[in-house]
Amino acid sequence: MRKLVNIAGINIDNITMEQAVERVYSFIDSGKNHSVYTPNAEIMMDGITNKQLKEILNSADILVADGAGVVLASKILGKSVAEKVSGFDLAKNLLIASSKRPIKFFLFGGKPGIPERAHANVICDYPGAEIVGTRNGYFSQEDESEIINQINNSGADVLFVCLGAPKQEQWIHKHKEQLNVKVCMGLGGTIDILAENVKLAPDFFRNHGLEWLYRLYKEPWRFKRMLRLPKFILYILGIKFGLIKVK
Numbered sequence: 590m591r592k593l594v595n596i597a598g599i600n601i602d603n604i605t606m607e608q609a610v611e612r613v614y615s616f617i618d619s620g621k622n623h624s625v626y627t628p629n630a631e632i633m634m635d636g637i638t639n640k641q642l643k644e645i646l647n648s649a650d651i652l653v654a655d656g657a658g659v660v661l662a663s664k665i666l667g668k669s670v671a672e673k674v675s676g677f678d679l680a681k682n683l684l685i686a687s688s689k690r691p692i693k694f695f696l697f698g699g700k701p702g703i704p705e706r707a708h709a710n711v712i713c714d715y716p717g718a719e720i721v722g723t724r725n726g727y728f729s730q731e732d733e734s735e736i737i738n739q740i741n742n743s744g745a746d747v748l749f750v751c752l753g754a755p756k757q758e759q760w761i762h763k764h765k766e767q768l769n770v771k772v773c774m775g776l777g778g779t780i781d782i783l784a785e786n787v788k789l790a791p792d793f794f795r796n797h798g799l800e801w802l803y804r805l806y807k808e809p810w811r812f813k814r815m816l817r818l819p820k821f822i823l824y825i826l827g828i829k830f831g832l833i834k835v836k
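Throughout, the numbering used here is defined as the position within the sequence shown, counted from one, plus 589.
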């Protein structure tokens with residue numbers, strides 16, 4: 590039975606990292622495909638303003654709180670989620686667990702050459718994890734049938750889709766029924782991190798909810814995009830004090 594926390598009309602799973610890993614394994618043992626999305630505060634704000642995206646997020650079989658902003662929002666509303674479950678950390682924990690309880694992974698996303706580099710690093714860093722296919726994230730609509738066939742022919746259990754939000758969520762939602770995998774996961778920059786093309790924020794920043802600050806320091810062009818973070822918290826405060834009604 591899922592425990593959900595409603596944050597501005599979006600239903601976040603009240604779940605720990607360990608529970609999320611176990612649930613993914615339960616999906617693998619089932620006979621159908623499942624979707625896992627990992628929204629941070631920016632994606633949550635997009636979901637609030639985009640009805641279609643909100644519906645896609647709420648259709649997920651697991652929707653975890655990826656980021657301190659989402660956790661803070663749950664606390665402001667008095668419905669605190671168990672903990673932050675970031676997309677990269679969930680992916681990493683699945684790669685680690687797969688050495689004892691096998692999972693076949695497919696990596697989809699990133700610039701040409703990046704998924705292959707991520708594959709090589711996974712072999713070194715996560716002994717026992719099995720990558721059965723890779724595909725970069727540069728494609729046209731005409732390529733989608735070929736990509737779906739490649740994924741299906743690989744025999745993958747879990748598909749990491751790293752196209753950036755909201756493109757990855759929209760792609761999974763559109764093609765979920767055509768895919769033979771058991772779990773599709775929207776994981777943002779996870780492949781870039783696995784490939785060491787992008788550095789993960791140091792532990793200090795991650796442990797204190799300051800990943801956004803580190804990312805802004807490394808990528809100042811994100812400034813305009815990150816304005817959605819304070820906008821999201823102000824929106825949540827508006828709900829808290831009855832100034833905004835959630836539809």
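Ideal Cβ positions, reconstructed from N, Cα and C, are used throughout, including at glycine.
query, result
"Do residue 601 and residue 594 come within 8 Å of each other at the CB atom, strictly closer than that value?", "yes"
"Does residue 746 pass the burial test, meaning 16 or more other C-beta atoms within 10 Å, or should it be called exposed?", "buried"
"Out of 651, 644, 717, 666, which has the shortest C-alpha to C-alpha gap to residue 822?", "666"
"Which residues share a DSSP beta bridge with residue 719?", "693"
"Which two residues bound the contiguous alpha helix (DSSP H) that contains residue 663?", "657 to 665"
"Between which two residues does the beta strand (DSSP E) holding residue 602 run?", "599 to 602"
"Candidates 671, 651, 624, 656: which alpha carbon is nearest residue 634's?", "656"
"Considering only their Cβ atoms, is the gap separating residue 630 from residue 659 smaller than 8 Å?", "yes"
"Going by the CB atoms, is the gap between residue 626 and residue 642 shorter than 8 Å?", "no"
"Less than 8 Å between the C-beta atoms of residue 677 and residue 721, yes or no?", "no"
"Could you compute how far the alpha carbon of residue 773 sits from the alpha carbon of residue 825?", "29 Å"
"By Cβ distance, which residues of its chain are closer than 8 Å to residue 785, with the 5 residues on each side in sequence left out?", "706, 710"
"DSSP state of residue 593, grouped into three classes?", "strand"
"Based on Cα-Cα distance, which residue from 767, 756, 755 lies nearest to residue 742?", "767"
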